[in-house]
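Residue numbers for the sequence shown follow this note's numbering, beginning at 2 and rising by one. Here's the structure we're looking at; comments come further down.
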Amino acid sequence: MDLIRIKDVKKQYKNGVTAICDLNLAIKKGDFAFIIGGSGSGKSTLIKMLYREEKPTCGEIIVGGVNVAKLRNKKVYKIRRKLGIVFQDYRLLPKLNVYENVAFALEVLGAKKDEIRVKVLKAIELVGLKAKVHNYPDQLSGGEQQRVAIARAIVNEPKLLICDEPTGNLDPERSMEIVKILDDINQTCGTTIIMATHDRDIVNKMKKRVLVLKDGRLVKDYEKGTYRNEDI
Ligand code: ADP
2 MDLIRIKDVK KQYKNGVTAI CDLNLAIKKG DFAFIIGGSG SGKSTLIKML
52 YREEKPTCGE IIVGGVNVAK LRNKKVYKIR RKLGIVFQDY RLLPKLNVYE
102 NVAFALEVLG AKKDEIRVKV LKAIELVGLK AKVHNYPDQL SGGEQQRVAI
152 ARAIVNEPKL LICDEPTGNL DPERSMEIVK ILDDINQTCG TTIIMATHDR
202 DIVNKMKKRV LVLKDGRLVK DYEKGTYRNE DI
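Encoded structure:
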């Protein structure tokens, strides 16, 4: 079953730049897909349209049965609740510790304290940070901060986890740890994962689906792909 279906999508920004053009794409439930492409090829625009940070100029973007392109602004929160999002720059709250950063996502949804505790500890364990639940973000390495961001993104058990250059600020070893965690989440929880990346080592090692964007167009779609220079 398709979790995401993108049909004839075009995105033109107000300044006239066409960031995405003629995009058609389906992503199955449980897939793990990399989005690669040079700078300015449209990766971020595509990712932002999935969580309705940007709206396509035309076309359909169906995520979990909902056309997010048509969704009213007032209802965007409904789709966001079903997604987890991880950014390059972690975006943790500096005055909250690891536990509180992850719990915050559930508290705003009005979950009960006991339920929050069980879910938060499970998510923190999944990313291997149990020993650091009381640490604050400035007491963690970049890789650890990104693991907290992943725990926060998955704590509500989303069907889809969207990652925009999650390893962009990390060294190769930490980057690999992060992607292994994402792979583990994909395999054990069945979470569909979409990850935009520049990291050729990761793409080559993981052998996942690879979607290649060039000048806003999907030019290649490999089932178990690698990062080929000639595609970029
Ligand atoms: P990537 O993530 O692959 O680097 P982007 O999606 O950020 O690509 O950008 C695709 C194109 O859209 C680029 O030409 C970029 O300059 C342009 N672009 C991105 N965001 C905006 C914006 N908010 N307004 C105008 N143009 C934008």
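Glycine residues also receive a C-beta, built at the ideal position from the N, C-alpha and C atoms.
| task | With DSSP as the reference, please indicate the residues paired to Asp222 in a beta bridge. | result | Along the sequence shown, one-based indexing puts residue 222 at 221. Assignment of beta-bridge partners to Asp222 by DSSP yields Leu212.
| field | Identity of the residues DSSP links to Gln13 by a beta bridge | value | For the purposes of this step, residue 13 is taken as residue 12 along the sequence shown, with counting starting at 1. DSSP, once it has assigned bridges, lists Thr19 as partnering Gln13.
| query | In whole angstroms, what separates the C-alpha of Thr189 from that of Gly17? | reply | Against the sequence shown, residue 189 aligns to sequence position 188. Against the sequence shown, residue 17 aligns to sequence position 16. Their backbone Cα atoms lie some 43 Å apart in a straight line.
| Which one of Val103, Lys11 and Gly191 has the shortest CA to CA distance from Met50? | Numbered from 1 along the sequence shown, position 49 holds the residue referred to as residue 50. Here the closest residue by C-alpha is Lys11.
| Nearest-angstrom Cα separation, counted from Pro138 out to Arg92 | For the purposes of this step, residue 92 is taken as the residue at position 91 of the sequence shown. For the purposes of this step, residue 138 is taken as the residue at position 137 of the sequence shown. One C-alpha to the other measures close to 10 Å.
| field | the region 71-88 contacting the region 144-160, beta-carbon criterion three pairs below 8 Å | value | Yes, they touch.
| Per DSSP, which one or two residues make a beta bridge with Leu161? | For this step, residue 161 is matched to residue 160 along the sequence shown. The beta-bridge partner set that DSSP reports for Leu161 consists of Leu84 and Thr193.
| What number of angstroms, rounded off, separates the C-alpha of Ile179 from the C-alpha of Ile37? | Within the sequence shown, the letter at position 178 stands for residue 179. Within the sequence shown, the letter at position 36 stands for residue 37. Roughly 17 Å separates the two Cα atoms.
| request: Put Ala27 into one of helix, strand or coil per three-state DSSP. | output: As a first step, residue 27 is located in the sequence shown; it is residue number 26 there, counting from the start. Note: Ala27 maps to strand in three-state DSSP.
| said: Assuming contact is defined by CB atoms lying nearer than 8 Å, are Met196 and Phe35 in contact in what I supplied? | reply: Translated into the one-based positions of the sequence shown, residue 196 becomes position 195. Translated into the one-based positions of the sequence shown, residue 35 becomes position 34. Going by C-beta atoms, Met196 is nearer than 8 Å to Phe35.
| Does the region 119-138 touch the region 100-109, meaning 3 or more C-beta pairs lie closer than 8 Å? | Taking a contact to require three or more Cβ pairs closer than 8 Å, the region 100-109 and the region 119-138 qualify as touching.
| query | Leu130 to Arg210, Cα distance in whole Å? | reply | The count along the sequence shown starts at 1 and reaches residue 130 at position 129. The count along the sequence shown starts at 1 and reaches residue 210 at position 209. The straight-line gap from Cα to Cα measures roughly 29 Å.
| task | Compute the distance between the beta-carbons of Tyr52 and Leu84, then report whether it is under 8 Å. | result | Along the sequence shown, one-based indexing puts residue 52 at 51. Along the sequence shown, one-based indexing puts residue 84 at 83. In this structure, the beta-carbon distance from Tyr52 to Leu84 falls below 8 Å.
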